[in-house]
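Let me begin by presenting the structure, written as structure tokens, before commenting on it.
Numbering (the UniProt record's numbering), first residue to last: 1 to 215.
Shown next as structure tokens:
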């Protein structure tokens with residue numbers, strides 16, 4: 001089976017698994033618009049995952065110098081929440097969209113992240129085509145240290161707020177549905193880096209999706 005056939009099969013599986021097979025797009029190189037600009041994508045589409053030290057100590061990955069990601073949502077920042085069971089919090093550098101998910105096993109976090117991100121995007125009403133394209137762009141991951149202090153500050157603030165939602169509404173730390181609900185609530189939070197524009201991550205996400213659709 002050649003590379004093109006493998007890519008086509010992967011796209012079909014992504015459609016079926018994440019968006020119910022409701023979207024269709026080419027298996028060739030694609031492009032996207034919006035604030036990320038116009039960029040041609042190859043089969044080796046990749047994103048950077050910037051991890052805090054305590055998360056890097058858990059994963060122990062090969063670390064590279066940070067660079068641009070091929071994703072519409074940009075690079076991602078991640079940290080570990082030492083709850084029982086432990087949870088990972090990931091935030092999009094471009095929109096500050098938060099995603100909570102089980103941490104263990106930490107070494108497979110990046111691989112499992114695409115499925116959780118698809119669920120979060122669907123929860124926000126993002127079109128299925130955008131979801132499948134974004135997951136496709138996350139074919140490979142490169143780990144890096146944190147480099148954006150502003151995003152790290154948002155990570156820390158979201159950790160505090162997530163703990164508040166847990167206490168206020170008696171959510172279960174290990175419940176996948178509850179983590180999805182908390183992720184959606186966090187996305188409504190006004191964030192200072194977004195004050196001059198969409199204000200909150202959920203609005204920033206929809207602006208990005210709309211800009212890409214109009215490009």
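By construction, the Cβ of each residue, glycine as well, lies at the ideal position given by its N, Cα and C atoms.
Residue i, DSSP secondary structure in three states
i, result
"residue 171", "coil"
"residue 132", "helix"
"residue 83", "coil"
"residue 193", "helix"
"residue 124", "coil"
"residue 104", "coil"
"residue 201", "helix"
"residue 96", "coil"
"residue 91", "strand"
"residue 40", "Low local confidence applies: a pLDDT of 44 at residue 40 is under 50, so the model's placement there is unreliable, with the coordinate-based value given in what follows. It is coil, neither helix nor strand."
"residue 73", "coil"
"residue 45", "coil"
7 Å Cβ cutoff met for residue i and residue j
i, j, result
"residue 162", "residue 131", "no"
"residue 72", "residue 139", "no"
"residue 201", "residue 207", "no"
"residue 141", "residue 49", "yes"
"residue 100", "residue 179", "yes"
"residue 87", "residue 103", "yes"
"residue 65", "residue 151", "no"
"residue 96", "residue 76", "no"
"residue 117", "residue 158", "no"
The beta strand (DSSP E) enclosing residue i, as first and last residue numbers
i, result
"residue 140", "140 to 145"
Run of the alpha helix (DSSP H) containing residue i, from where it starts to where it stops
i, result
"residue 55", "53 to 59"
"residue 183", "176 to 186"
Three or more C-beta pairs below 8 Å linking the stretch 112 to 125 and the stretch 55 to 62: As far as the Cβ criterion goes, the stretch 112 to 125 does not touch the stretch 55 to 62, which means the pair count is below three.
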